[in-house]
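Colleague:
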Amino acid sequence: MSDLSKTPVTIVTGFLGAGKTTLISHLIRNAGGRRLAVVVNEFGTVGVDGDILKSCAIPDCPAENIFELSNGCICCTVADDFIPTVEALLKLDPKPDHILIETSGLALPKPLLKAFDWPAIRSRITVDGVIALADAEAVAAGRFAPDVAAVDAQRAADDSIDHETPLSEVFEDQIACADLVLLTKPDLAGPEGVAKARAVITAEASRPLLIIEVAEGVVDPAVLLGLEAGAEDDIAARPSHHDGHDDHEHEDFDTIMVEMGEITDPADLAARIAHLAESQHILRVKGYAAVSGKPMRLLVQAVGARVRHQFDRPWGASEPRVTRLVVIAEHDHVNEAAIRAALGA
């Protein structure tokens, strides 16, 4: 790549727990000789996603090429965090061939696209493509209100129905901004669920979109990298609920950090988290647990009542053996005392 060429950037967006980190881990391991750099935007204070990606580091994407932005949603901290990070990446020697940006589950991609017009970087990078991940099972269940007209009709007929949920707006904005949609976890949705999810996404898309089914993040990087979309020059074709607004509100969501000591039974913790999702409407739980008598750290990831856990690496000699979990929910559903009690904290 010539020094005069723009460095391509792929934005990986998607709803909470859709599989963004799993996908990027796969891309890192299968870079095909590309020198990669990664920017990961955490929502919460535990660097779970960044830590996972750094554990995947290889010569073509060493740990020092993986940057974490944890001071807030990337689309709201462009000047403070994103621009300086991109400038730092472009100064790396050797310079990355391709940059991957994993947004938080709450980020809107369109404000991030607008950042690529900033004078400091616009002549040096281009948005190769926006990849949106959508959880097939969740979309098929109709959680994102795809039929806006029907929702408006319900609202007009029933004064008790509130405005469209923030989750729906986030999902719709991510689909509208995408160049390619990856439909994840198709095995959990089944053929009928996948068909329903495809129909929902097609209805939400502002233009024809390629939709690909992906399990465990495994997809040929050649399909995702090299789209040459130049998305920063195509913003008008990517409508958003927030067009005309300077920002979007994150007060609709809250995060709670739960820290406690060692646990004895991973299955019990998983059951507690699943119950928490059902009783307290929790959207996402992620973090680590220390298990008594086990030298390995337990990685915990939950989307709603679906909980996954696995031992990921040994505890470091100087690391405190504590359990730390980030719990994410819509603002009106946060009862911190009940959440802590449910987790046994």
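Yeah, the sequence shown ends on 345 if you go by full-length UniProt numbering, and it's all consecutive.
Beta carbons are placed, not taken as given, at the ideal position from N, Cα and C, and that holds for glycine.
Can you name the residues that DSSP bridges to residue 347?
Modeller: Nothing can be reported for residue 347, as the shown portion of the chain is limited to 1 through 345.
Colleague: Measuring only the C-alpha atoms, how far is R340 from L276?
Modeller: Your numbering for residue 340 matches position 340 in the sequence shown. Your numbering for residue 276 matches position 276 in the sequence shown. R340 and L276: Cα-Cα distance of roughly 10 Å.
Colleague: What did DSSP end up calling G287 once you bin it into helix, strand or coil?
Modeller: Working through the sequence shown from its first residue, we reach residue 287 at position 287. Correct three-state label for G287: strand.
Colleague: Assess, as a yes-or-no matter, whether the region 15-26 is touched by the region 192-199 under the definition of 3 or more beta carbon pairs within less than 8 Å.
Modeller: With a cut-off of 8 Å, the region 15-26 and the region 192-199 do not count as touching, because too few Cβ pairs lie within range.
Colleague: If we ignore side chains and look at the alpha-carbon of each, how far apart do G105 and V303 end up?
Modeller: Indexing the sequence shown from 1 puts residue 105 at position 105. Indexing the sequence shown from 1 puts residue 303 at position 303. Near 11 Å, if we compare the C-alpha coordinates of V303 and G105.
Colleague: Cα-Cα, which of D187, F311 and A305 is closest to G293?
Modeller: Here residue 293 refers to the residue found at position 293 when the sequence shown is read from its first residue. For G293, the nearest C-alpha among the options comes from F311.
Colleague: What did DSSP end up calling P314 once you bin it into helix, strand or coil?
Modeller: Locating residue 314 in the sequence shown gives position 314, where the first residue counts as 1. The answer is strand: DSSP assigns P314 an E or B state.
Colleague: State the CB to CB distance for the pair R297 and R313, rounded to an integer number of angstroms; the pair is presumed to be in contact (CB under 8 Å).
Modeller: As a first step, residue 297 must be located in the sequence shown, where it is residue number 297. As a first step, residue 313 must be located in the sequence shown, where it is residue number 313. About 6 Å separates the two Cβ atoms, so the contact holds.
Colleague: Give the single residue among V9, D187, P191 and R207 whose Cα lies nearest to the Cα of D173.
Modeller: Your numbering for residue 173 matches position 173 in the sequence shown. Selected option, being the one with the closest Cα: R207.
Colleague: Go to residue 354, then tell me how far its beta strand (DSSP E) extends in each direction, as first and last residue.
Modeller: For residue 354 there is no data in the structure shown, the boundaries of the chain being 1 and 345.
Colleague: Ignore the nearest five residues each way along the sequence and tell me which others in P231's own chain have a CB closer than 7 Å to its CB.
Modeller: Mapped onto the sequence shown, residue 231 falls at position 231. Position check: residue 231 holds Ala in this sequence, whereas Pro was assumed. Excluding sequence neighbours, A231 sits near L113, V127, G129, V130 and D179.
Colleague: Taking the alpha-carbon positions, what's the A342 to E137 distance?
Modeller: One-based indexing of the sequence shown puts residue 342 at position 342. One-based indexing of the sequence shown puts residue 137 at position 137. In a straight line, the C-alpha of A342 is about 26 Å away from that of E137.
Colleague: Should V291 go down as buried or exposed, given a rule of 16 or more other Cβ atoms within 10 Å for buried?
Modeller: Against the sequence shown, residue 291 aligns to sequence position 291. Burial call: buried.
Colleague: Can you tell me which of V307, R321 and A317 puts its alpha carbon nearest to the alpha carbon of E262?
Modeller: Taking the sequence shown and counting its residues from 1, the one referred to as residue 262 is at position 262. Of the listed residues, the one whose Cα sits closest to E262 is R321.
Colleague: Nearest CA to the CA of V219: which residue from A229, D117, D254 and V181?
Modeller: Start at 1 with the first residue of the sequence shown, and residue 219 comes out as number 219. Per the Cα distances, V181.
Colleague: Can you look up E336 in the DSSP assignment and give me helix, strand or coil?
Modeller: One-based indexing of the sequence shown puts residue 336 at position 336. Helix.
Colleague: For a minimum of 3 consecutive residues, which ranges assigned as the beta strand (DSSP E) are wholly contained in the region 186-232?
Modeller: Counting whole runs of 3 or more residues, the region 186-232 contains the beta strand (DSSP E) stretches 210-214.
Colleague: Determine the contact status of G217 and G19, defining contact as a CB-CB distance below 8 Å.
Modeller: Here residue 217 corresponds to residue number 217 of the sequence shown, with the count starting at 1. Here residue 19 corresponds to residue number 19 of the sequence shown, with the count starting at 1. Closer than 8 Å, so yes.
Colleague: Compute the Euclidean distance between the alpha carbons of D187 and A120, then round it to the nearest angstrom.
Modeller: For the purposes of this step, residue 187 is taken as the residue at position 187 of the sequence shown. For the purposes of this step, residue 120 is taken as the residue at position 120 of the sequence shown. Their backbone Cα atoms lie some 44 Å apart in a straight line.
Colleague: Taking all protein chains shown into account, decide if L92 is buried (16 or more other Cβ within 10 angstroms of its Cβ) or exposed.
Modeller: As a position in the sequence shown, residue 92 is number 92, starting the count at 1. The residue in question, L92, is exposed, as its Cβ has fewer than 16 Cβ neighbours within 10 Å.
Colleague: CB T10 to CB L225, shorter than 8 Å?
Modeller: Working through the sequence shown from its first residue, we reach residue 10 at position 10. Working through the sequence shown from its first residue, we reach residue 225 at position 225. Cβ atoms of T10 and L225: closer than 8 Å.
Colleague: With burial defined as no fewer than 16 other Cβ atoms inside 10 Å of the residue's Cβ, what is the status of residue 347: buried or exposed?
Modeller: With the chain covering 1 to 345 only, the question about residue 347 has no answer from this structure.
Colleague: Considering only the beta carbon of each residue, do T13 and A132 sit closer than 8 Å?
Modeller: Here residue 13 refers to the residue found at position 13 when the sequence shown is read from its first residue. Here residue 132 refers to the residue found at position 132 when the sequence shown is read from its first residue. Yes, the Cβ-Cβ distance between T13 and A132 is below 8 Å.
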